[in-house]
Amino acid sequence: MSSRYKIFMKVLECRSFSIASKEIGYSQSAVSQAMKSLEEELQTTLFKRNREGIQLTKDGEDYLPYIRSISQAEDLLYKKMCEKNGLEDEVIRIGTFTSVSRNLLPKLLSDFHALYPGIHYELRQGEYDNIHEWIRNGEVDFAFINPKDFDDIEIDVIYHDYMLAVLPMGHRLCRKESVYLKDLCDDPFILLDEGKNSVPLDAFHQYDLQPSIAYKVYDDYSILAMVKQNMGISMMYGLVLRDFENNVVIKPIQENVERTIALACLKKEYLSKASKQLYEYIQKNVAKILEDGLLKHEK
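Every number in the working numbering is 789 more than the matching position in the sequence shown, counting from 1.
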């Protein structure tokens, strides 16, 4: 949270209450109230309005060096706190896969970086088996993973993602409101390669069905391109398909085909302070990011 002194410096920099409020993520009324509180403390008026926007009063100019010094001191204090807590100049290594890399991590890391700007990140993208080995071998600090059959690491489930049928334009199944797994067995099937823990294959086998697998593809967006070219049909995760409906048809599947996504590490007690801080931050905030993304997608 920005102090009144830092808000003062931002208003002075922007020459506008409204622009300053947008840049620091506060409402304009909150910025105005903070400046009013500072003026009451100093028993004077700090800003005046004219055609050029916000400008300092004579008292504001007199107080400026002192307020700037306090703002700079706050930055130094915060930096020292980060250093003392192991949250400065550290690299956090994260194992991940496409849907998380595209839809969750950008917002999560951006917001976390705003809180702890001294931390850096290395992302390694793979499939579940590779990611599991990276955790076991210490090649990543923690990772996103489908926890099925991995009982030698610590996990915390954070969300569930459902699969949807992906069809080329004009396909016979496009006329249906939803499809069954058996409907997907008659065409060349493009399988998302997830390693040994294949959610779509497990779903087919559960109902004694055998898809006609024509291709096994690791990359989600290559599958979308292949479906668009009428090379086959597929099943993909809803999180991946957000904003990628152009030139393909997406249908719900009657049987619930889902995967569980968890945060995983070898042992939480082995995590550095920075890694543990980010791990817990993701746990607390992932639901809100998913909800915001879904609401945006539905508009």
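All C-beta atoms in this analysis are idealised placements derived from N, C-alpha and C, irrespective of residue type, glycine included.
Tell me which residues share the same chain as residue i and place their Cβ nearer than 6 Å to its Cβ, disregarding the 5 neighbours each side in the sequence.
i	result
residue 1029	888 and 1009
residue 1089	Here the chain covers residues 790 to 1088 and nothing more, so residue 1089 does not appear.
residue 946	1049 and 1051
Where do the ends of the beta strand (DSSP E) carrying residue i lie?
i	result
residue 909	909-914
residue 943	943-957
residue 1038	1037-1040
residue 885	880-885
residue 998	Element bounds for residue 998: n/a, residue is neither H nor E.
residue 836	836-839
residue 845	842-845
Spatial neighbours of residue i within its chain, please: CB distance less than 7 Å, with the 5 preceding and 5 following residues excluded, ordered by chain position.
i	result
residue 1005	980 and 982
residue 1064	881, 930 and 931
residue 898	910
residue 1119	Outside the shown range of the chain (790 to 1088) lies residue 1119, about which nothing can therefore be said.
Using beta-carbon positions only, say whether residue i and residue j come within less than 9 Å of one another.
i	j	result
residue 948	residue 1050	yes
residue 1056	residue 943	yes
residue 820	residue 796	yes
residue 956	residue 1075	no
Can you pull the DSSP bridge partners for residue i?
i	result
residue 1025	953
residue 980	1005
residue 743	Limits of the chain in this structure are 790 at one end and 1088 at the other, which puts residue 743 out of reach.
Is there at least one non-hydrogen atom of the ligand FAD closer than 8 Å to the beta-carbon of residue i?
i	result
residue 1031	No copy of the ligand FAD occurs in the structure displayed, which carries no ligand at all.
Using 10 angstroms around the beta-carbon of residue i, count the other beta-carbons present and answer buried if the total reaches 16, otherwise exposed.
i	result
residue 1085	Confidence is the limiting factor: at residue 1085 the pLDDT is only 41, short of 50, which leaves the residue's position unreliable, though a coordinate-based value still follows. Counting Cβ neighbours within 10 Å, residue 1085 comes out exposed, since fewer than 16 surround it.
residue 825	exposed
residue 916	buried
residue 935	buried
residue 800	buried
residue 1018	exposed
residue 864	exposed
What are the boundary residues of the alpha helix (DSSP H) that includes residue i?
i	result
residue 1048	Residue 1048 -> not in any alpha helix (DSSP H); beta strand (DSSP E) instead, spanning 1047-1054.
residue 822	817-831
residue 985	Where residue 985 is concerned, there is no enclosing alpha helix (DSSP H), given that its DSSP letter is neither H nor E.
residue 894	894-904
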